[in-house]
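In my numbering, the protein residues as written are 21 to 406. Quick reminder that beta carbons are idealized off the backbone N, C-alpha and C, glycines included.
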Amino acid sequence: MAGVRFCFSLADGQRKQLSLGFGSLAIGRPRSPPRNSGCQSIERPPPFYLAHYRTTENLYYYGTVNFRGVAPPGLSYNYISQGPSQPGRMDGASGARCVLLHKQALAVLGRGLFGMADGGAVLSGVEGVLLDISGVLYDSGGDGGGVPIPGSIEAVKKIKASGLKLQFCTNETQATRDRFVKKLQHLGFDIAVNEVTAPAPAVCRILKERNLRPHLLVHDDLIPEFSDTEKTNPNCVVIGDAADNFSYKNLNDAFQILISLENPVLLSLGRGRYYKETDGLKLDVGAYMKALEYACDIEAEVVGKPAKMFFQSALTEMGIEPHQAIMIGDDIVNDVGGAQQCGMRAVQVRTGKYRPCDEQHPKVKADLYVNNLAETVDIILKCLHK
């Protein structure tokens, strides 16, 4: 059987080489196995055969495989058998059986999976795209407010022309949403305010719903977002990417308010560790959020990526379900990991804050790694036209 081969480990430590036939695997909606396939129906989740499904944590593939002997040491994958036999044993003389492959297989096979050199199998069936902004569309900083990443302006235009639904999903908190969008428009991007899901408007809704009065530790340019919010006698702290406002005095003021409250509430506009500007990497809000968490012995409520509710609000704006969407970002944890936990597929682009070590992250594996947004969009559009 011609196909892709890769190594994986069984629970007992044995290494096997797995051969997947290009013609035998298919991406599609849930369906029952063919009568003569020998694949057992699975009660929970519903039966699939030669198809994929996503849970909130993992992406799995069912298929019929053949063992081809012991392979040299390689990467490890979870192996979960279906059917009457025990894990690690083969069914029948042919050695064929139905298996469940953990999503980490995608991280290794990537664009070669299913014989599609462009990774189209991973991106097929997409109806909507969520785009991170900083590090994907442009790198911030500099006199002009930032520099577009090559090909990104055209890539956004292609998405809109294709008929795919599009929402921008950002943790940007150094400016109001209106001002931020105007900057992007000035850089040449086709983008509107109602297409941007951002933390500040979301946290304002939370403050109103819960009758919270915030002490703001945010960037000066973000303060207008809170013009209609009551801020006297604060009973919570809102922290964003305050940049130069992250002084000892300002952090200590926030600490003193939190430590004085019987039930302290810390709302953090994202939890990123760092981001990239034109002159290099910069500390993000997450570093300062962790300092206040540690000092006050509390856990912040994150409003923004990677919070599941934040991604869900973006999907609601688009009117699609998680399995119909793909997230494209440069942050392996907050963009990729957050989207996957919400049930979406996710691509990490090798721009912005991306570092090669992201592709060996111990907990998060992107469904695909692509050089930049332009290449990712080209792959998606090829799938649409097949």
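**OP:** Enumerate, from N- to C-terminal direction, the unbroken beta strand (DSSP E) stretches of 3 or more residues contained entirely within the segment 207–288.
**Re:** Entirely contained in the segment 207–288, the beta strand (DSSP E) runs reaching 3 residues are, in chain order, 234–237, 256–259 and 286–288.
Original post:
Between which two residues does the beta strand (DSSP E) harbouring Ala366 extend?
Top reply: Counting along the chain, the beta strand (DSSP E) containing Ala366 begins and ends at Arg365 to Val369.
Subject >> Nearest-angstrom Cα separation, counted from Phe266 out to Lys178 >> reply: Our two residues, Lys178 and Phe266, have alpha carbons roughly 39 Å apart in a direct line.
**OP:** In angstroms with no decimal places, state the Cα-to-Cα distance between Ile173 and Asp210.
**Re:** Ile173 and Asp210: Cα-Cα distance of roughly 8 Å.
Original post:
Taking the alpha-carbon positions, what's the Gly349 to Lys180 distance?
Top reply: Between the alpha carbons of Gly349 and Lys180 lies a gap of roughly 18 Å.
Subject >> Ala334 versus Gly358: straight-line alpha-carbon distance, rounded >> reply: Their Cα atoms are separated by approximately 13 Å.
**OP:** In the DSSP assignment, find the unbroken beta strand (DSSP E) run with Ala345 in it and report its ends.
**Re:** Segment Ala345 to Gly349, the beta strand (DSSP E) holding Ala345.
Subject >> Touch test, the segment 292–306 against the segment 157–174, Cβ-Cβ under 8 Å, three pairs minimum >> reply: Verdict: yes, contact present.
Original post:
Does DSSP put Lys185 in a helix, in a strand, or in coil?
Top reply: If DSSP states are grouped into helix, strand and coil, Lys185 belongs with the strands.
Subject >> DSSP-derived helix/strand/coil call for Glu319 >> reply: If DSSP states are grouped into helix, strand and coil, Glu319 belongs with coil.
Subject >> Residues near Ala195 in its chain [Cβ-Cβ closer than 8 Å; skip 5 each side] >> reply: Hits under 8 Å: Lys203, His239, Asp241 and Leu242.
**OP:** State the CB to CB distance for the pair Lys325 and Asn191, rounded to an integer number of angstroms; the pair is presumed to be in contact (CB under 8 Å).
**Re:** Rounded, the Cβ-Cβ distance is 5 Å, consistent with contact.
Subject >> Residue range of the unbroken beta strand (DSSP E) whose run includes Glu297 >> reply: Counting along the chain, the beta strand (DSSP E) containing Glu297 begins and ends at Tyr294 to Glu297.
**OP:** Pair every Cβ in the segment 305–324 with every Cβ in the segment 389–399, then say whether three or more of these pairs are closer than 8 Å.
**Re:** Not touching, per the Cβ criterion.
Subject >> Contacting residues, own chain, Cβ-Cβ under 6 Å from Gly142 (five flanking each side not counted) >> reply: The residue asked about is misnamed: residue 142 is Val in this sequence, not Gly. Excluding sequence neighbours, Val142 sits near Asp387 and Leu388.
**OP:** Report all residues from its chain with a CB closer than 8 Å to the CB of Gly208; omit the five preceding and five following residues, and keep chain order.
**Re:** Excluding positions up to five away in sequence, the list reads Pro168 and Ile173.
**OP:** Taking 9 Å as the cut-off, decide whether the C-beta atoms of Glu451 and Lys185 are in contact.
**Re:** What is shown of the chain runs 21 to 406, which leaves residue 451 out entirely.
**OP:** Go through its chain and collect everything with a Cβ distance to Asn391's Cβ below 6 Å, but skip five positions before and after it.
**Re:** Answer for Asn391: Arg370, listed in chain order.
Original post:
To which residues of the same chain is His405 closer than 7 Å at the C-beta, ignoring the five residues directly before and after it?
Top reply: Excluding positions up to five away in sequence, the list is empty.
Original post:
Can you tell me the Cα-Cα spacing of Asn283 and Arg225, whole angstroms?
Top reply: The alpha-carbon separation between Asn283 and Arg225 amounts to approximately 20 Å.
**OP:** Taking all protein chains shown into account, decide if Ala262 is buried (16 or more other Cβ within 10 angstroms of its Cβ) or exposed.
**Re:** With a 10 Å radius around the Cβ and a threshold of 16 neighbouring Cβ atoms, Ala262 comes out buried.
Original post:
How far does the alpha helix (DSSP H) with Gly358 in it reach, from first residue to last?
Top reply: Going by DSSP, Gly358 is part of the alpha helix (DSSP H) stretching over Gly358 to Gln361.
Original post:
Expressed to the nearest angstrom, what Euclidean distance is found between the alpha-carbon atoms of Gln332 and Phe200?
Top reply: Using only the alpha carbons, I get a separation of about 22 Å.
Original post:
For Ala212, does the count of other Cβ atoms within 10 angstroms reach 16, so buried, or fall short, so exposed?
Top reply: A residue is called buried when at least 16 other Cβ atoms come within 10 angstroms of its Cβ; Ala212 does not meet this threshold and is exposed.
Subject >> Helix, strand or coil at Asp355 [DSSP, three-state] >> reply: DSSP places Asp355 in the helix class (H, G or I) of the three-state scheme.
**OP:** Might you give, ordered along the chain, the residues of its own chain that have their beta carbon closer than 7 Å to the beta carbon of Leu227, omitting 5 neighbours on each side?
**Re:** These residues qualify, in order along the chain: Pro234 and Thr249.
Original post:
Thinking just about the alpha-carbon of each residue, which of Gly292, Arg375 and Gln344 is nearest to the one in Arg365?
Top reply: Looking at Gly292, Arg375 and Gln344, the one whose alpha-carbon comes closest to that of Arg365 is Gln344.
**OP:** Using alpha carbons as the reference points, say which of Val258, Val356, Ile352 and Gln361 lies closest to Pro376.
**Re:** The candidate whose alpha carbon is nearest that of Pro376 is Ile352.
Subject >> Residues near Pro342 in its chain [Cβ-Cβ closer than 7 Å; skip 5 each side] >> reply: Around Pro342: Leu335, Cys362, Gly363 and Met364.
Original post:
In three-state terms, what does DSSP make of Pro168?
Top reply: In this structure, Pro168 counts as strand in the three-state DSSP scheme.
Subject >> Own chain residues within Cβ distance below 6 Å of Phe330, not counting five before or after >> reply: So the qualifying residues of the chain are Gly324.
Original post:
Taking Cβ to Cβ, would you say Gln205 is nearer than 9 Å to Glu337?
Top reply: Contact check for Gln205 against Glu337 fails: the beta carbons are separated by 9 Å or more.
Original post:
Who are Lys302's beta bridge partners in DSSP?
Top reply: Answer by DSSP bridge pairing, in chain order: Tyr295.
Original post:
Do Val258 and Leu287 have their C-beta atoms closer together than 9 Å?
Top reply: Yes. Within cutoff.
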